[in-house]
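Heads up, the thing below is written out as structure tokens.
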Amino acid sequence: MTKSFYGTVLSSPLMLGTAQYPSPDILRDAVKAAQPGVVTVSLRRESAGERAGQAFWDLIQELGVPVLPNTAGCHTVKEAVTTAHMAREVFGTDWVKLEVIGELDTLQPDVFGLVEAARILTDDGFKVFPYTTEDLVVAERLLAVGCEVLMPWGAPIGSGKGLNNVFGLRALRAHFPDVPLVVDAGIGVPSHAAQALELGYDAVLINTAVAKAGEPAVMAEAFRFAVQAGLLARQADPMEERDMAVPSTPVVGKAMLA
Amino acid sequence: MQIVVNDEVHEVSARTLAALIDELGYGGARIATAMDGSFVPVPYRARTVLRDGARIEIVAPMQGG
Numbered sequence: 001m002t003k004s005f006y007g008t009v010l011s012s013p014l015m016l017g018t019a020q021y022p023s024p025d026i027l028r029d030a031v032k033a034a035q036p037g038v039v040t041v042s043l044r045r046e047s048a049g050e051r052a053g054q055a056f057w058d059l060i061q062e063l064g065v066p067v068l069p070n071t072a073g074c075h076t077v078k079e080a081v082t083t084a085h086m087a088r089e090v091f092g093t094d095w096v097k098l099e100v101i102g103e104l105d106t107l108q109p110d111v112f113g114l115v116e117a118a119r120i121l122t123d124d125g126f127k128v129f130p131y132t133t134e135d136l137v138v139a140e141r142l143l144a145v146g147c148e149v150l151m152p153w154g155a156p157i158g159s160g161k162g163l164n165n166v167f168g169l170r171a172l173r174a175h176f177p178d179v180p181l182v183v184d185a186g187i188g189v190p191s192h193a194a195q196a197l198e199l200g201y202d203a204v205l206i207n208t209a210v211a212k213a214g215e216p217a218v219m220a221e222a223f224r225f226a227v228q229a230g231l232l233a234r235q236a237d238p239m240e241e242r243d244m245a246v247p248s249t250p251v252v253g254k255a256m257l258a
Numbered sequence: 001m002q003i004v005v006n007d008e009v010h011e012v013s014a015r016t017l018a019a020l021i022d023e024l025g026y027g028g029a030r031i032a033t034a035m036d037g038s039f040v041p042v043p044y045r046a047r048t049v050l051r052d053g054a055r056i057e058i059v060a061p062m063q064g065g
């Protein structure tokens, strides 16, 4: 069953980041090819002369895809909360992808700061999409402070390694069957995205895998099909794995030729 | 009065955050502001009085993952 994200059913289980593309035109082409349910966006310092932010805003408006602002690069609760407030005003949405980064090599979340920031923001009316790990206890805490969506990592941001801990992701899915779950970070190729959907995840968030592909728009289209394939496969109820072979061709009636 | 905007020092005559935004040429831009690490919403800019050495952050939409 398709789950809603804070009451909104997305048009696609693909969430697409807008960073690192070679040019705005290539970003535009990639978004059109991916047909994502949301695009993620951010905030950076603006120069009065260049007005780069205005040009990007115009592009986002033209694309007409709902936006999910992030707090990327924030390492403290205060930074993340202040950034979320600024994003709410600029983008006109109370959705926020909450990142509180705890470690530089892996960019893994500071889950203690994450829970605290999530509590402050949900109390203030934000609809928080927390970038977290697959840790069940942290997930419980995030839900307890008001999050209604969880976004565990597949692998470190930008690594392209796919789903590093399938067991952990499967456990999270089984533990919270009614919570919308999104694999965020680490997906490198469309098969990783399909795998996440096959595991029962409700969406995937991808950026580097598309932006850093040789042909971003072609890769974007590949991801569009991959998430649809994964979603259909999940709905079709996949067969159970077995350790031993079982013949698929009926043995009964086989000619005795030995 | 000297104000630090996005880590750059500016000598300005503005006395409020709203006036500073106009003086620096951001008028009409889709931006959000913070002073000394705290968010200042649009309705509060006109009544936010600057002090010498205040640290202002001015941000705008940007690509993100």
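Listed in order, the protein sequences are those of chains L and A. Read in order, the letters of the first sequence correspond to residues 1 to 258 in full-length UniProt numbering. Read in order, the letters of the second sequence correspond to residues 1 to 65 in full-length UniProt numbering. Every residue, glycine too, gets a C-beta built ideally from N, C-alpha and C.
Among the options, the one whose alpha carbon lies nearest that of residue i
{"i": "residue 134 of chain L", "options": "L:57, L:108, L:168, L:128", "result": "L:168"}
{"i": "residue 30 of chain L", "options": "L:90, L:219, L:146", "result": "L:219"}
{"i": "residue 45 of chain A", "options": "A:9, A:55, A:51, A:20", "result": "A:20"}
{"i": "residue 18 of chain L", "options": "L:112, L:49, L:69", "result": "L:69"}
{"i": "residue 141 of chain L", "options": "L:112, L:125, L:166", "result": "L:112"}
{"i": "residue 43 of chain L", "options": "L:88, L:14, L:8, L:10", "result": "L:88"}
{"i": "residue 146 of chain L", "options": "L:86, L:160, L:22, L:121", "result": "L:121"}
{"i": "residue 132 of chain L", "options": "L:126, L:154, L:73", "result": "L:154"}
{"i": "residue 48 of chain L", "options": "A:30, A:39, A:52", "result": "A:30"}
Three-state class that DSSP yields for residue i in the structure shown
{"i": "residue 26 of chain L", "result": "helix"}
{"i": "residue 44 of chain A", "result": "helix"}
{"i": "residue 2 of chain A", "result": "strand"}
{"i": "residue 152 of chain L", "result": "strand"}
{"i": "residue 101 of chain L", "result": "strand"}
{"i": "residue 132 of chain L", "result": "strand"}
{"i": "residue 276 of chain L", "result": "The requested residue 276 of chain L does not occur in the structure, where chain L is confined to residues 1 to 258."}
{"i": "residue 203 of chain L", "result": "strand"}
{"i": "residue 28 of chain A", "result": "coil"}
The alpha helix (DSSP H) enclosing residue i, as first and last residue numbers
{"i": "residue 224 of chain L", "result": "216 to 235"}
{"i": "residue 78 of chain L", "result": "77 to 91"}
{"i": "residue 116 of chain L", "result": "111 to 123"}
Host beta strand (DSSP E) of residue i (start-end)
{"i": "residue 184 of chain L", "result": "182 to 184"}
{"i": "residue 69 of chain L", "result": "67 to 69"}
{"i": "residue 60 of chain A", "result": "55 to 63"}
{"i": "residue 39 of chain L", "result": "38 to 45"}
C-beta atoms of residue i and residue j nearer than 8 angstroms
{"i": "residue 61 of chain A", "j": "residue 57 of chain L", "result": "yes"}
{"i": "residue 32 of chain A", "j": "residue 90 of chain L", "result": "yes"}
{"i": "residue 63 of chain L", "j": "residue 39 of chain L", "result": "yes"}
{"i": "residue 221 of chain L", "j": "residue 84 of chain L", "result": "no"}
{"i": "residue 4 of chain A", "j": "residue 56 of chain A", "result": "yes"}
{"i": "residue 72 of chain L", "j": "residue 65 of chain A", "result": "yes"}
{"i": "residue 227 of chain L", "j": "residue 171 of chain L", "result": "no"}
beta-carbon residue i near the ligand SAM non-hydrogen atom, thresh 7 angstroms
{"i": "residue 93 of chain L", "result": "Questions concerning the ligand SAM fall outside what the structure shown contains, since it holds no ligand whatsoever."}
Chain-ordered neighbours of residue i on chain A, where CB pairs are closer than 7 angstroms
{"i": "residue 86 of chain L", "result": "32, 34, 39, 59"}
{"i": "residue 161 of chain L", "result": "Near residue 161 of chain L there are no residues of chain A at all, since even the closest Cβ is about 16 angstroms away, more than 7 angstroms."}
Listed by chain order, chain L residues near residue i by CB distance under 8 angstroms
{"i": "residue 42 of chain A", "result": "89"}
{"i": "residue 29 of chain A", "result": "46, 48, 51, 53, 54"}
9 angstroms Cβ cut-off: residues of chain A touching residue i
{"i": "residue 41 of chain L", "result": "61, 62, 63, 64"}
Contact set between residue i and chain L, taken where Cβ atoms lie within less than 9 angstroms
{"i": "residue 24 of chain A", "result": "48"}
Residues that residue i contacts on chain D, provided the C-beta gap is smaller than 8 angstroms
{"i": "residue 95 of chain L", "result": "Judged by its chain identifiers, the structure shown contains no chain D, and its protein chains are L and A."}
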